[in-house]
Amino acid sequence: MYQVKARVLSNEKVGEAHYRMKLEVSQIAKDARPGQFVHIRCSSDHDPLLRRPFSIHKCAQGRIDILYQVVGGGTRILSKKRRGDQLDLLGPLGKGFEVEPAFSKIFIVSGGIGVAPLYMVAQEITRLGQGKEVTALLGAKNKELILGKDDWESLGLRVMIATEDGSEGYQGLVSALFERLILSQTSLSLAVYSCGPVPMLRKIAELSSHGGFFCQVSLEQRMGCGLGACLGCVIRGTSGYLRVCKEGPVFDAQEILWDDPDLEIR
Amino acid sequence: MYQVKARVLSNEKVGEAHYRMKLEVSQIAKDARPGQFVHIRCSSDHDPLLRRPFSIHKCAQGRIDILYQVVGGGTRILSKKRRGDQLDLLGPLGKGFEVEPAFSKIFIVSGGIGVAPLYMVAQEITRLGQGKEVTALLGAKNKELILGKDDWESLGLRVMIATEDGSEGYQGLVSALFERLILSQTSLSLAVYSCGPVPMLRKIAELSSHGGFFCQVSLEQRMGCGLGACLGCVIRGTSGYLRVCKEGPVFDAQEILWDDPDLEIR
Amino acid sequence: MGNIPDLRVSLGRIHLRNPVLVASGTFGYGEEYKDFVDPGELGGIITKAVTLKPRKGNPPPRLAETPAGLLNSIGLENPGVEMFLKEKLPHLKRLKTKIIVNIAGEKKTEYLYLAEKLGKRGGIDALEVNISCPNVEKRGLIFGTSADLAFSLVKGLKQATDLPLIVKLTPNVTDITEIAQAAEEAGAEALSLINTISGMAIDVNTRRPKLGAITGGLSGPAIRPVAVRMVRQTFQKVNLPLIGIGGIMSAEDALEFILAGATAVAVGTANFVDPAVSLRIVEGLRQYLRKMRIDYFHHLIGDLRI
Amino acid sequence: MGNIPDLRVSLGRIHLRNPVLVASGTFGYGEEYKDFVDPGELGGIITKAVTLKPRKGNPPPRLAETPAGLLNSIGLENPGVEMFLKEKLPHLKRLKTKIIVNIAGEKKTEYLYLAEKLGKRGGIDALEVNISCPNVEKRGLIFGTSADLAFSLVKGLKQATDLPLIVKLTPNVTDITEIAQAAEEAGAEALSLINTISGMAIDVNTRRPKLGAITGGLSGPAIRPVAVRMVRQTFQKVNLPLIGIGGIMSAEDALEFILAGATAVAVGTANFVDPAVSLRIVEGLRQYLRKMRIDYFHHLIGDLRI
Ligand SMILES: Cc1cc2nc3c(=O)[nH]c(=O)nc-3n(C[C@H](O)[C@H](O)[C@H](O)COP(=O)(O)OP(=O)(O)OC[C@H]3O[C@@H](n4cnc5c(N)ncnc54)[C@H](O)[C@@H]3O)c2cc1C
Ligand SMILES: Cc1cc2nc3c(=O)[nH]c(=O)nc-3n(C[C@H](O)[C@H](O)[C@H](O)COP(=O)(O)OP(=O)(O)OC[C@H]3O[C@@H](n4cnc5c(N)ncnc54)[C@H](O)[C@@H]3O)c2cc1C
Ligand SMILES: Cc1cc2nc3c(=O)[nH]c(=O)nc-3n(C[C@H](O)[C@H](O)[C@H](O)COP(=O)(O)O)c2cc1C
Ligand SMILES: Cc1cc2nc3c(=O)[nH]c(=O)nc-3n(C[C@H](O)[C@H](O)[C@H](O)COP(=O)(O)O)c2cc1C
Ligand code: FES
Ligand code: FES
């Protein structure tokens, strides 16, 4: 874990309210594992006071990318940063995805901005990979919001699109597409990695549980320290409260109490 | 009084920490009188929460200039504004300088950034004026901080400089230069207009009182509303508390209790 | 009037066109904002405090900024009730809005005398009783920090005047609902909360307090969470309409208070930041009702979902 | 050690290398910040609250931001004293800094039992007694809002342990100096102030409270003026060393508390914003002393110029 002043290399608008920011952060880039996140101080004054967490989307020599959506004050400030600006980052934080060689069939299921943490796990899988059947299901409201499709395709895995308005690929929710693909399979060598809105994840988790699949999801909660100290970021797990910043943000789906209405962030 | 969204036309660095900002504000420019001020919202969030008052330095068709020094958070934000940015302004506010035709000999005495409100009164005097003897005494720490000397000279009045380090003109405080110039004159047709640090103004006021000169000074206090409503901006006057935003910022020197230590802003 | 959405609310006998008032001490006596706000579009104006005798107020500096907050130590400077009646009330009367006069005193008798005097004149719709003042007869104990003092004061006022009494509570207490209940029992028509929270700030370079009076009252967005909490607590304990006050800068902020149980709100410090903010809040409330498809504003009062 | 400027201060029997502590609940049990802060450079660490039995804490969300502030409703989640002794204390003991363990309970006996248990183990330099908790035996009355309850609790603790007792006061009271005096009389070695101010925030779109527990405690820069005022009031009334807490983000903020009368400070919410802030504050204090040509930090304590 490092605290660094990262230099913004670029901050490109890639969708309605979506941006990709490249940051120069050698140490964080060196240690980052798929699914981990960075905690960014957006403002140097008190508005907003706290840092904001963002998944590490990509990671290459000496730099990381984050992919983010503007939803409030913190992300709005981020979206105004330009090349050369500095940002105070903590990272890499949290527990990432686990990929085991035994998995032979793998689904990556993303909804909306949930695509952010999944790219690195896809990379890892394809690196580990020969002989695996890997499918990435990318869901979004419409085709403009399918972010980085080319990147995904260049990984050499099967990419399928679901859009709610049917403007590209399957028309409907990505969880429904997933349901169709796995039909009523049961398999212990099938693994699912997912991130997206809670109702979608709930569905993925349920299907995976029925199928006996290994399923990991990346979850969100409002964060304080990001380091496991404040106990502010908990969600309800089957064994009690779990800190998203420490036991997560990636959890085995079965660790989570999916029927807790407070899973949906307020 | 208007509340307007003013467009920044330029924001030029003119000294160490000094800037001149030109703002497009047709209504305010139309009504502005010498010595009045505008109340500027520097930030759209809560840091700083309150507006910041600035004297109207110049005023021409449809626009005003302010001349300001970066001393804290609000002025720092102002200094980052660029052409095309918008600022929320109230103005013109407060009571300005009074110039009477009867004054035949006039001194304008400025210390440091105190030059800001005095330029317009000099303009007014020269406009009213044939046959008046007008002297502007511009004081500052060093010659780099004598702001807008050319402007002053182009008004066609006598300009004298005092610098504390002697890098230009008289070496010493501008109040000392003033003292030398008026020696022990007494005159009822002599008028003095001044703005600058309190110790300087105190001295000018004292000399003017001895000489029986008409003397007006522009004073400062932390402000809330700027409109006379909150009673937050008072200073001690001989007849009780006076609101800088309403009874001032320009006061007759004899209205002020000069020995109040709280006159110096904290 | 019968327009939808309908913003009208009532504070007991006081019927407001809409729930947005301006808070005492931040809007003068209604004249200072005339270029920015048509009072006819507000629910009402709460005046700067009026006391029996003129008051000079505290030494400067009287304002200091703190993070998202403002400390003030005006010290109830005002020209006294005689001058108020002569110079301020005539103008206030002409405004097409509710006029609520904030009163303050150092002794019970001062309050009573004030209320009597003000009650005899027309043009005043209600009194807001500022009980955040020290009682000089009780070793400086703040009226609003003692349920007994508050009860006895309000009871007395109730006898001294027929004007509706809005009691303004101080947040500097262990349990604000105790004082609220005392005011209710004594006959208050509504409650205003909160007044400022006592605070101080120090300039570490000069090592002096930033305020001439050393301590002052904290207002502004910084105190909003405290104010909202107190409104909710009070809403759960008393049956009086509440005026929510504290750090309201926007319609959204105002709605927090309404959902917590306030019937109306008063906007204070925000007037300094944006003189027309009260009108923007009225408009923002209207838009919110439309967006949420709510026809009657008063349906929102206390409508918090737990 | 004898270096100039000399930052050492004493809280009764507790001698600190420098006056900067980290506040309870914001620094875990000392492990979480190890990559950012060498505890050996701090005055000390105040741990997250320890209770007798494990506590699950409150439902999420537990955090909500407000202007320059943070509301939290963690609800004293902790593994209980047995686990603390087994899993946390061994690590804490190894740190080269003062270890102050924050304790909380719902009954007097819980506190006493906790204190006894903790007092028997080595490696703990002091207890910080969090009295902002509801007493289930007194209809939920907060220990820290009643001088009697506070007195009796501290008195009891004094008999139960030899460890220095630092009593942490709640700001949600009419007169904090009353409680401070009660703690002093009962034998407290020092006082910490302030704990969080009770507050709430509402999401006006969902109409739900932003916190799962509805209300929470407000911390951060927003509360600093209130905390500084309370430190000064308390400094004027009691003779105990004070730990100033509330919204400290920088050395300058810390100095406000020191000038108001605090002997040391504890940094809370700021640790979330910048995990190394406590060290930066130590360095900032050193620079201030140099700039002001003050050799001994303790000369600044209460040195406010009026
Ligand atoms: C581990 C983790 C990784 C994340 N990775 C990404 C990412 O890669 N890209 C991305 O765009 N976002 C990501 N998020 C969400 C991101 O942190 C929030 O969108 C951001 O904090 C919002 O800040 P704001 O100031 O713009 O909005 P705020 O003003 O704080 O909130 C605006 C709205 O956004 C919602 N919101 C606030 N915080 C969160 C949160 N932590 N999670 C979800 N919703 C929130 C609230 O419901 C609120 O209505 C991640 C969150 C976590 C916890
Ligand atoms: C009527 C009036 C006209 C003014 N005209 C000008 C002008 O033309 N040009 C210009 O540069 N400044 C002018 N000032 C001063 C200017 O308003 C302050 O410098 C500014 O408000 C500081 O804001 P800040 O946020 O940058 O500093 P802050 O962070 O608020 O304060 C930084 C430091 O500046 C000092 N300061 C703060 N407010 C004032 C104030 N109102 N007056 C004096 N010192 C203050 C404080 O002592 C503090 O130490 C004027 C002030 C008034 C009252
Ligand atoms: C400068 C100023 C003066 C005030 N004067 C009074 C007053 O005379 N009487 C009163 O009851 N409250 C007074 N208040 C308190 C406000 O009416 C209000 O209760 C408080 O400021 C909280 O609201 P806000 O955060 O919106 O400002 C004053 C507040 C300020 C900032
Ligand atoms: C997330 C969080 C958890 C806290 N937990 C405790 C606690 O367990 N015991 C306690 O006495 N105070 C606790 N506090 C209060 C802090 O120690 C401190 O008194 C308060 O936050 C004010 O300081 P600050 O503004 O610097 O944060 C907690 C504060 C926060 C923000
Ligand atoms: S954010 Fe502090 S424990 Fe997770
Ligand atoms: S700033 Fe409000 S009265 Fe002058």
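Residue numbers (our numbering), protein chains in the order written: chain A, 44 to 309; chain B, 44 to 309; chain C, 86 to 391; chain D, 86 to 391.
Note that beta-carbon positions come from the ideal geometry of N, C-alpha and C, so glycine has one too.
Source: prediction; values computed, not measured.
Residue(s) in a DSSP beta bridge with residue i
i              : result
residue 140(C) : 163(C)
residue 134(B) : 45(B)
residue 101(B) : 108(B)
residue 292(B) : 138(B)
residue 154(A) : 182(A)
residue 95(C)  : 100(C)
residue 244(A) : Paired residue(s): none; residue 244(A) is not in a bridge.
Length of the line joining the Cα atoms of residue i and residue j
i              : j              : result
residue 100(D) : residue 115(A) : 45 Å
residue 142(A) : residue 172(A) : 10 Å
residue 370(D) : residue 338(D) : 10 Å
residue 185(B) : residue 214(B) : 9 Å
residue 99(B)  : residue 365(C) : 28 Å
residue 61(B)  : residue 140(C) : 40 Å
residue 198(D) : residue 161(D) : 18 Å
residue 211(C) : residue 248(C) : 5 Å
residue 240(C) : residue 271(C) : 5 Å
residue 264(C) : residue 224(D) : 19 Å
residue 314(D) : residue 285(C) : 5 Å
residue 86(D)  : residue 152(A) : Bear in mind that the predicted position of residue 86(D) carries a pLDDT of just 46, short of 50, making it too unreliable to give a figure here.
residue 82(A)  : residue 291(A) : 14 Å
residue 183(A) : residue 247(A) : 15 Å
residue 210(A) : residue 45(B)  : 50 Å
residue 120(D) : residue 236(D) : 40 Å
residue 350(D) : residue 341(D) : 10 Å
residue 305(B) : residue 274(B) : 16 Å
Chain C within 8 Å of residue i, Cβ atoms only
i              : result
residue 258(D) : yes
residue 152(D) : yes
residue 268(B) : yes
residue 389(D) : yes
residue 112(B) : no
residue 137(B) : no
Min CB distance residue i to chain A below 8 Å
i              : result
residue 128(B) : no
residue 113(D) : yes
residue 90(B)  : yes
Contact with chain F by residue i, beta-carbon distance below 8 Å
i              : result
residue 341(D) : The structure shown contains no chain F; its protein chains are A, B, C and D.
Chain D contact for residue i (CB, 8 Å cutoff)
i              : result
residue 204(C) : no
residue 86(C)  : Low confidence applies here, because residue 86(C) scores a pLDDT of 46, under 50, leaving its location unreliable; read the following figure in that light. Chain D contact via Cβ: absent.
*asked:* When you compare the region 126-138 of chain A with the region 192-200 of chain A, are there three or more beta-carbon pairs, one atom per stretch, that lie closer than 8 Å?
replied: no
*Taking 8 Å as the threshold, find out whether the region 149-157 of chain D comes into contact with the region 119-138 of chain D through three or more Cβ pairs.*
no
_Between the region 298-308 of chain D and the region 278-288 of chain D, can you find at least three pairs of beta-carbon atoms closer than 8 Å?_
yes
*Any chance the region 104-121 of chain D sits against the region 173-186 of chain D, with 3 or more Cβ pairs inside 8 Å?*
yes
_Does the contact criterion of 3 or more C-beta pairs under 8 Å hold for the region 147-161 of chain A versus the region 301-308 of chain A?_
no
*Does the region 217-227 of chain A touch the region 235-246 of chain A, meaning 3 or more C-beta pairs lie closer than 8 Å?*
yes
*asked:* Which residues of the region 349-360 of chain D have a Cβ closer than 7 Å to any Cβ of chain A? Give them in chain order.
replied: 356, 357, 358 and 360
*Chain-ordered residues of the region 317-335 of chain D with a beta carbon less than 8 Å from chain C*: 317 and 332
*Counting pairs of Cβ atoms below 8 Å between the region 70-82 of chain B and the region 115-125 of chain B, do you hit three or more?*
no
*According to a CB-to-CB cut-off of less than 8 Å, which residues of the region 269-281 of chain B neighbour chain C?*
269, 270, 271, 272, 273, 274, 275, 276, 277, 278 and 279
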